[in-house]
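Asks: In my numbering, the protein residues as written are 238 to 716. Backbone N, C-alpha and C define an ideal beta-carbon position, used for all residues, glycine too. Before we start, here is the structure in question, set down as structure tokens.
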RNA sequence: CGGGGUGUAGUUCAUCGGCAGAACGCUCGCUUUGGGAGCGAGAAGCAGGAGGUUCAAUUCCUCUCACCCCGACCA
């Protein structure tokens, strides 16, 4: 912990110390014994489960079925697609020995599963009647990252990866866009994180893809975090894995494929974007504990009445499928309040002598401290309402911050000035020459994040080389 | 893989050649309880590992391993 004793570093003082402190103090996760690995503790895993719950439903709504493929992949599988192996080889974990012997062929611990899944697809797909074929797996993958960071970049991480095969590029592209839309919904409706969905540049796209789409979010320090990805793989993999089918006319044809994924990195974004000096702030949509009831009993209070109110409130909320707990530990109220703040519990319900006198309970929002004195009988509707309002307020706050920190740069000196001061997103014309992109990154540390969906072509000049440019791309320094 | 730093109690750190210290956490007891309660008692350590210098090494030297921070790679 960067900070001594029991308090966490203030978010305003040092974002990355705060981030690490809050993850450890709130018991979300800790470092594993192997560099870059992460132990996700029960409370952190509960956030992942809350995200999974809705996302899994959306994935199935896309027409996908869940399956599971092996984590060991023959090295030769990766070598089949040239860009794919080149892109991933620096970060592969390779198994050379097993069972006390050297293996005849090294095995790769999956960094992603395109190859092993499409090898199966080549056997599963025979006819146009087998298409489209869409599978999803929830799994772990390993990428040997040089600079790990809890949640944001770990050597092993959890994710879902969807893989789909289609008769036409149009149909495949449609699913690529639907998957991206599904992620936008997850980020905005569940995680309350605003961001830009768009297409990656050639140099930033997935190794082996024709086109990659992503969701880019802004963190409080002005750096961008790439969330999910959705790739149009064209026929790059079907060619090398021989994923063919017979058309209605009896011809042999290669399938068009896409893949898309969402990882535990998003939990890092969730923590960083919403939290404050007191700890986590979790949007109700993914908060493992949406409401915590804190009875305040003393020697002089009517503790039976307080206890009865607490039980009543608990029963009402639980009946609504609200994730609710009662803190009956013998810690002091002050400690419980601080603990609830640290854990990011969306709403706290205080019940003490003051409330008991009126037969009411006090509901306090974690994010803005707004407090409501409510009748236990009406608690259900009102808590639903307050949770919904909090959810939309958090998204609104995230959106406001992102828009306020999205600037247009017309000249390269302006661009540099922004990156040296406020950072954040910059919209700027770029000619789409990888050389300009590379030089901008070298000189400002900012890279292209995406070309936001719905960008209209217009006549501009490249911020770097002054040559004609059609689109304003989104730039930022990234995590 | 380059540059910098750190390894001592569960955790964060002091001690810097001479019997190993604190805070927080943990256990027990009593008193408490509206924003991190008080007092008392207690458990807790081969000082990352190996080698060297020395009468004596946690402390100095060498090697090694691990971790952290800064750069290139990345969901």
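Whole angstroms is fine: what's the gap from residue 529's alpha carbon to residue 558's?
Replies: 14 Å
Asks: Ignoring anything shorter than 3 residues, give me the beta strand (DSSP E) runs that lie fully in the region 639-694, in order along the chain.
Replies: Correct list: 643-645, 662-667 and 684-689.
Asks: Pull up the distance between the alpha-carbon of residue 257 and that of residue 265, whole angstroms please.
Replies: 10 Å
Asks: Which residues in the same chain have their Cβ closer than 8 Å to the Cβ of residue 680, if we skip the five residues on either side of it in sequence?
Replies: 653
Asks: Check for me: the alpha helix (DSSP H) holding residue 254 runs from which residue to which?
Replies: 252-262
Asks: The alpha helix (DSSP H) that contains residue 471, what's its start and end?
Replies: Residue 471 -> not in any alpha helix (DSSP H); beta strand (DSSP E) instead, spanning 461-471.
Asks: For residue 444, collect the residues of the same chain with a Cβ closer than 7 Å to its Cβ; drop the 5 residues on either side in sequence, then sort them by chain order.
Replies: 320, 321, 323, 324 and 325
Asks: Considering only DSSP beta bridges, list what residue 373 is partnered with.
Replies: 303 and 399
Asks: Measuring CB to CB, does residue 520 end up less than 8 Å from residue 628?
Replies: Yes, they are a contact pair.
Asks: Candidates 676, 699, 498 and 630: which alpha carbon is nearest residue 429's?
Replies: 630
Asks: Anyone know if the C-beta pair for residue 344 and residue 310 falls short of 8 Å?
Replies: yes
Asks: When the Cα atoms are used, what is the spatial distance from residue 447 to residue 711?
Replies: The straight-line gap from Cα to Cα measures roughly 20 Å.
Asks: For residue 305, count neighbouring Cβ atoms within 10 angstroms of its own Cβ and tell me buried if that reaches 16, exposed if not.
Replies: Counting Cβ neighbours within 10 Å, residue 305 comes out exposed, since fewer than 16 surround it.
Asks: Give me, in chain order, the residues of the same chain whose beta-carbon lies closer than 6 Å to that of residue 465; leave out the 5 immediate sequence neighbours on both sides.
Replies: 420, 452 and 499
Asks: Give the DSSP-derived three-state secondary structure of residue 599 in the structure shown.
Replies: strand
Asks: In chain order, what residues of the same chain have a beta carbon less than 6 Å from the beta carbon of residue 532, not counting five sequence neighbours either side?
Replies: 543, 547 and 588
Asks: Quickly, what does DSSP pair residue 268 with across the bridge? List them, please.
Replies: 275
Asks: At what residues does the alpha helix (DSSP H) containing residue 352 begin and finish?
Replies: 351-361
Asks: At a cut of 8 Å, does the region 261-281 reach the region 368-377 through at least three beta carbon pairs?
Replies: no
Asks: Which whole-angstrom value is the C-beta distance of residue 578 and residue 515, which I expect to be below 8 Å?
Replies: Beta-carbon to beta-carbon, residue 578 and residue 515 are separated by about 4 Å, close enough to satisfy the 8 Å threshold.
Asks: Between which two residues does the alpha helix (DSSP H) harbouring residue 317 extend?
Replies: 312-317
Asks: Once the 5 residues before and after residue 676 are set aside, which same chain residues still bring their CB inside 7 Å of it?
Replies: 701
Asks: Under a three-way DSSP split, which group does residue 454 fall into?
Replies: strand
Asks: What number of angstroms, rounded off, separates the C-alpha of residue 455 from the C-alpha of residue 615?
Replies: 38 Å
Asks: Say whether the region 401-415 touches the region 359-368, bearing in mind that this needs 3 or more beta-carbon pairs closer than 8 Å, one atom from each stretch.
Replies: yes
Asks: Is there contact here, the region 688-701 with the region 661-673, by at least three beta-carbon pairs under 8 Å?
Replies: yes
Asks: Which value, in whole angstroms, describes the spacing of the CA atoms of residue 639 and residue 593?
Replies: 43 Å
Asks: Sort 440, 254 and 493 by Cα distance to residue 686 and report the nearest one.
Replies: 440
Asks: Leaving out five residues before and five after residue 278 in sequence, what residues of the same chain have Cβ atoms less than 8 Å from its Cβ?
Replies: 264, 265, 266 and 267
Asks: Would you mind stating whether residue 624 and residue 603 have Cβ atoms separated by less than 8 Å?
Replies: no
Asks: Going by C-alpha distance, which of 538, 581 and 566 is nearest residue 522?
Replies: 581
Asks: Taking the C-alpha atoms as reference points, what is the distance between residue 349 and residue 331?
Replies: In a straight line, the C-alpha of residue 349 is about 14 Å away from that of residue 331.
Asks: Is DSSP giving residue 522 helix, strand or coil here?
Replies: coil
Asks: What would DSSP say about residue 702, mapped onto helix, strand or coil?
Replies: coil
Asks: Rounded to the nearest angstrom, what separates residue 253 and residue 336 at their Cα positions?
Replies: 42 Å
Asks: Classify residue 510 as helix, strand or coil using the three-state DSSP reduction.
Replies: helix
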